[in-house]
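Here is the structure we will look at.
Numbering (full-length UniProt numbering), first residue to last: 1 to 130.
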């Protein structure tokens, strides 16, 4: 159900969706030929970082309250460092961390990555593409 919700948001934004035959950390791909954007998407039920996604240009789709976000994993990792998340035992010992209830500060830091009708989606170079 969540995959369909995010894909529907992507379609409304002008993306096409593709499902990989083999899941190696990518649940689906969003592509906008007109904008030259490609998003390798891993769907999560909450804000999540994982070592296995680092350096792979994977975008994490996750909800906070009623809003969906589509954010580069490595940008999330930068936020995790800034907010002290990478100092937790979960991250140090298992290489994974999820936040079921992000702080107001973390939500505010994720705000530019809200993904939905009329919301922006940043390009690979970090520029906002409507």
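Idealized CB from N, CA, C, for every residue including glycine.
Here residue 78 carries a helix assignment [DSSP, helix/strand/coil]. Beta-bridge pairing by DSSP links residue 6 to no other residue. Assigned with DSSP and collapsed to three states, residue 45 falls in coil, not helix or strand. Residue range 28 to 32 is occupied by the beta strand (DSSP E) that includes residue 30. DSSP places residue 111 within a helical segment (H, G or I) once states are collapsed to three.
When only Cα atoms are considered, residue 19 and residue 39 end up about 12 angstroms apart. Residue environment analysis places residue 66 among the exposed positions, since fewer than 16 neighbouring C-beta atoms fall within 10 angstroms of its C-beta.
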